[in-house]
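Student: Sharing a structure with you now.
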Amino acid sequence: MACCGGGRGEGAAATESEAYLEGEAVREARELVAELCRHFYGQGWVTGTGGSITVKANDPALPLADQLIVMSPSGVQKERMVAEDMYVLSADGKVLSSPVSKPWPNKPPKCTDCAPLFMKAYLMRGAGAVIHSHGMETCIATMLDPGAKEFRMTHMEMIKGIKGHGYRDELVVPIIENTPYEYELTDSLAEAIAAYPKATAVLVRNHGIYVWGDSWINAKTQAECYHYLFDAAIKLYQLGIDWTTPEHGPINSAKRPRSVLSSSIPNGCADSKSSKNCVVLDIEGTTTPISFVTDVMFPYARDNVRKHLTSTYSSDETKEDIKLLRIQVEEDLKNGIVGSVPIPPDDADKEEVINALVANVESMIKADRKITSLKQLQGHIWRTGFESKELQGVVFDDVPEALKHWHASGMKVYIYSSGSREAQRLLFGNTAYGDLRQYLCGFFDTTTGNKRETRSYFEISQSLGVDSPAQILFITDVFQEAVAAKSAGFEVIISIRPGNAPLPENHGFRTIKSFSEI
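Heads up: the sequence shown runs through residues 12 to 529, numbered per the working numbering.
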């Protein structure tokens, strides 16, 4: 019998023995899931038999990836669950132990319909526990902007409870569309997990949320923080306050129907008659000299990649970076990408693994590849540089004044760069002009999509909640990006800065040499 299939791992025989299944680790995990189900029922997250919980059976003698999995069943009243109701699965999803049938009116036992989705979090993120909640706030949060593919929030204290985030960071939770049957969500959930490497949750529109962590405590803590933040967003929405920007000013009218707004609440950050509500800025060659990126940032990452990997090799963050690089390199090797070399397995000698990683990263940097795995690692290396004051963000002299002016006039300003969101925040947060992030409402990177593809700009327009893409001004130095944004309906201006590549003749776009010309 298999809950969701999968191959067998080494050491399976020992953990699948009857004695092990009746041992302390599995027993405690069963009891824990039952306890959590009762607790979450009281929170309103798993009513009507909806929702589900799964945890790894903690055994210090086994790597997390090899530990058995305990899952709650489907169609059972969560507040009445007991340890004996649980399913026990192998690390690759094979059912090892099933509950005994109960008399009518109880339904025959069935492994949770969430099982294939839970396995994606276990296998793709190395999770130690996953929670699926049907909490009302998780549903309504996806309805605030029906076309949005992401939930975004910033400058809320409880964001600090989400792994890898601080108070000033922008929390981004991907939203996938609901389907009639739970298992049909598996592929879209996996795509979201792959596209958002820092995410620890995925929202399902009009349905609920999947949250994972490296332990049940971490997953529970984050689930509580997510529910709090969604509830806060709903309440702020009702008050006409924008939860997506640092200043939490009046909400942009495009984010919700005018009919639900009180006449006493200001209706948007800018004059509703203004032709532009948002400005989206590229970085290289637009806000920042290309030479700073090519001559300072890239060399710093290249020269410090070995040092960074060596000093942080055992950290969860670097393990995640290595996992993404492995996936990318495997794909590169299949596609015959020049400079790609195989990366030894995790249990190989540390120096061998690092040598292979450095060779691949140096090749990627040399080719100036715009890929998430590289950009994420570079962002972490640059963070060290900015924290040690070895690096300082550089922007053109006209940029700070323009950002202040747009901010004061109610315009929302966003960044869209191939560099990771973290790298973007570091650059604008550490300039000679001070912290410029106070004038920025959010950051987009390659997790949104390739900058030369029209669909990426469509995704941005959906996220920003404007009535029309024409309300967004995009400024870039790259002709192909300008074409893609224009095809999505954006107004586009091309930035002419020292060191920028020449443009084709008769390109048809307005050009500027300074933001003061706008």
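Glycine included, every Cβ here is placed at the ideal spot set by N, Cα and C.
Could you say which of M308, V369, E363, I338 lies nearest to R317 if we only look at CA atoms?
Tutor: Here residue 317 refers to the residue found at position 306 when the sequence shown is read from its first residue. Checking every option, the nearest Cα to that of R317 belongs to V369.
Student: On the three-state DSSP scale, how would you describe M308?
Tutor: Here residue 308 refers to the residue found at position 297 when the sequence shown is read from its first residue. It is helical.
Student: What residues in its chain sit with their C-beta under 7 Å from that of D332, if we drop five residues either side in the sequence?
Tutor: As a working mapping, residue 332 is identified with position 321 in the sequence shown. Q387, L388, H391, listed in sequence order.
Student: Between the Cα of E188 and the Cα atoms of E161, K174, S351, which residue gives the shortest distance?
Tutor: Taking the sequence shown and counting its residues from 1, one reaches residue 188 at position 177. Taking only the C-alpha atoms, the option nearest E188 is E161.
Student: Step through the CB atoms of chain C and report whether any lies within less than 8 Å of the CB of T323.
Tutor: Here there is only one protein chain, and chain C is not present.
Student: From which residue to which residue does the beta strand (DSSP E) around T487 run?
Tutor: For the purposes of this step, residue 487 is taken as residue 476 along the sequence shown, with counting starting at 1. T487 -> beta strand (DSSP E) spans 483–487.
Student: Please return the same chain residues whose Cβ sits closer than 6 Å to the Cβ of I89, not counting the five positions on each side in sequence.
Tutor: Residue mapping note: residue 89 aligns to position 78 of the sequence shown, counting from 1. Sequence check: residue 89 is Lys here, not Ile. Excluding sequence neighbours, K89 sits near C48, Y52, V57.
Student: Taking DSSP as the reference, what is the three-state secondary structure of G510?
Tutor: What you label residue 510 is simply residue 499 of the sequence shown in a count that begins at 1. In this structure, G510 counts as coil in the three-state DSSP scheme.
Student: Is L196 helix, strand or coil by DSSP?
Tutor: Within the sequence shown, the letter at position 185 stands for residue 196. L196: helix per DSSP, three-state reduction.
Student: Could you spell out the range, first to last residue, of the beta strand (DSSP E) harbouring P185?
Tutor: Your numbering for residue 185 matches position 174 in the sequence shown. Residues 181–187.
Student: Can you say whether V410 is buried or exposed, counting buried as having 16 or more other CB atoms within 10 angstroms of its CB?
Tutor: Walking along the sequence shown from the start, residue 410 turns up at place 399. Answer is buried; the Cβ neighbour count reaches 16.
Student: Taking the continuous alpha helix (DSSP H) assigned at Y178, which residues delimit it?
Tutor: Counting from 1 along the sequence shown, the entry for residue 178 is found at position 167. From DSSP, Y178 is part of no alpha helix (DSSP H); its letter is neither H nor E.
Student: Between which two residues does the beta strand (DSSP E) carrying K423 extend?
Tutor: Locating residue 423 in the sequence shown gives position 412, where the first residue counts as 1. Annotation for K423: the continuous beta strand (DSSP E) segment containing it runs 423–427.
Student: Counting only runs that start and end within the region 85–136, where is the alpha helix (DSSP H) found for 4 or more residues in a row?
Tutor: 126–136
Student: When you compare only the Cα positions, how much space is there between G62 and P119?
Tutor: Locating residue 62 in the sequence shown gives position 51, counting from the first residue. Locating residue 119 in the sequence shown gives position 108, counting from the first residue. C-alpha separation (whole angstroms): 18 Å.
Student: On a Cα-Cα basis, can you pick out the residue from I529, Y207, I483 that is closest to S498?
Tutor: For this step, residue 498 is matched to residue 487 along the sequence shown. Distances from the alpha-carbon of S498 to those of I529, Y207, I483 put I483 closest.
Student: Tell me, please, which residues DSSP counts as bridged to A378.
Tutor: Counting from 1 along the sequence shown, the entry for residue 378 is found at position 367. In DSSP, A378 forms no bridge with anything.
Student: Taking 7 Å as the cut-off, does the CB of Y192 come closer than this to any heavy atom belonging to the ligand MG?
Tutor: Absence of the ligand MG is noted for the structure shown, with no ligands found whatsoever.
Student: Under 8 Å between the Cβ atoms of I37 and V99?
Tutor: Numbered from 1 along the sequence shown, position 26 holds the residue referred to as residue 37. Numbered from 1 along the sequence shown, position 88 holds the residue referred to as residue 99. First, the amino acid is wrong: residue 37 is Val here, not Ile. The Cβ-Cβ distance between V37 and V99 falls below 8 Å.
Student: Leaving out five residues on either side along the sequence, give the residues of the same chain with a beta carbon under 6 Å from the beta carbon of S525.
Tutor: Taking the first residue of the sequence shown as 1, we reach residue 525 at position 514. D409, listed in sequence order.
Student: Would you tell me roughly how many angstroms separate the C-alpha atoms of E423 and W227, rounded to the nearest one?
Tutor: Working through the sequence shown from its first residue, we reach residue 423 at position 412. Working through the sequence shown from its first residue, we reach residue 227 at position 216. Here residue 423 is Lys; the residue named in the question, Glu, does not match the sequence. One C-alpha to the other measures close to 38 Å.
Student: If you follow the alpha helix (DSSP H) that I228 is in, where does it begin and where does it stop?
Tutor: Looking up residue 228 in the sequence shown gives position 217. Counting along the chain, the alpha helix (DSSP H) containing I228 begins and ends at 227–250.
Student: Can you give the Cα-Cα distance for P515 and I505, rounded to whole angstroms?
Tutor: Along the sequence shown, read from residue 1 onward, the residue named residue 515 stands at position 504. Along the sequence shown, read from residue 1 onward, the residue named residue 505 stands at position 494. So the alpha carbons of these two residues sit roughly 12 Å apart.
Student: Please state whether DSSP places V530 in a helix, a strand or coil.
Tutor: Since the first residue shown for the chain is 12 and the last is 529, residue 530 is missing from the structure and cannot be characterised.
Student: What is the DSSP secondary structure of P261, counted as helix, strand or coil?
Tutor: By one-based count along the sequence shown, residue 261 stands at place 250. Correct three-state label for P261: strand.
Student: How would you call D253, buried or exposed, if buried means at least 16 neighbouring beta carbons within 10 angstroms?
Tutor: Residue numbering aside, residue 253 sits at position 242 when the sequence shown is read from its first letter. Classification of D253: buried, given that the 10 Å Cβ count is 16 or more.
Student: Let me confirm a value: H319 is counted as buried when at least 16 other C-beta atoms fall within 10 Å, else exposed. Which label applies?
Tutor: Here the question's residue 319 lines up with position 308 in the sequence shown. Label assigned to H319: buried.
Student: Less than 6 Å between C-beta atoms, sequence neighbours within five positions excluded: which residues of the same chain meet that for A138?
Tutor: Taking the first residue of the sequence shown as position 1, residue 138 is located at position 127. These residues qualify, in order along the chain: A132, W223.
Student: Can we say the region 287–304 touches the region 356–369, given the rule of at least three CB pairs closer than 8 Å?
Tutor: no
Student: Go ahead and pull the three-state DSSP assignment for D360.
Tutor: Within the sequence shown, residue 360 is the residue found at index 349, counting from 1. In the structure shown, D360 sits in coil (DSSP, three-state: anything other than H, G, I, E or B).
Student: Measure how close the beta-carbons of D198 and D327 come, nearest whole angstrom, since I'm counting them as under 8 Å.
Tutor: Along the sequence shown, read from residue 1 onward, the residue named residue 198 stands at position 187. Along the sequence shown, read from residue 1 onward, the residue named residue 327 stands at position 316. So it is not a contact: roughly 27 Å between Cβ atoms.
Student: CB L128 to CB L79, shorter than 8 Å?
Tutor: To locate residue 128, count along the sequence shown from 1; it is residue 117. To locate residue 79, count along the sequence shown from 1; it is residue 68. Not closer than 8 Å, so no.
Student: Just how far apart, CA to CA, sit E35 and T190?
Tutor: Residue numbering aside, residue 35 sits at position 24 when the sequence shown is read from its first letter. Residue numbering aside, residue 190 sits at position 179 when the sequence shown is read from its first letter. Using only the alpha carbons, I get a separation of about 38 Å.
Student: What did DSSP end up calling H50 once you bin it into helix, strand or coil?
Tutor: The count along the sequence shown starts at 1 and reaches residue 50 at position 39. H50 falls in the helix class under three-state DSSP.
Student: Tell me which residues share the same chain as F469 and place their Cβ nearer than 7 Å to its Cβ, disregarding the 5 neighbours each side in the sequence.
Tutor: Here residue 469 refers to the residue found at position 458 when the sequence shown is read from its first residue. Excluding positions up to five away in sequence, the list reads A499.
Student: What does DSSP give as the partner residues of K497 in its beta bridges?
Tutor: In the sequence shown, counting from the first residue as 1, residue 497 sits at position 486. The partner list for K497 (beta bridge, DSSP) is empty, contrary to what the question assumes.
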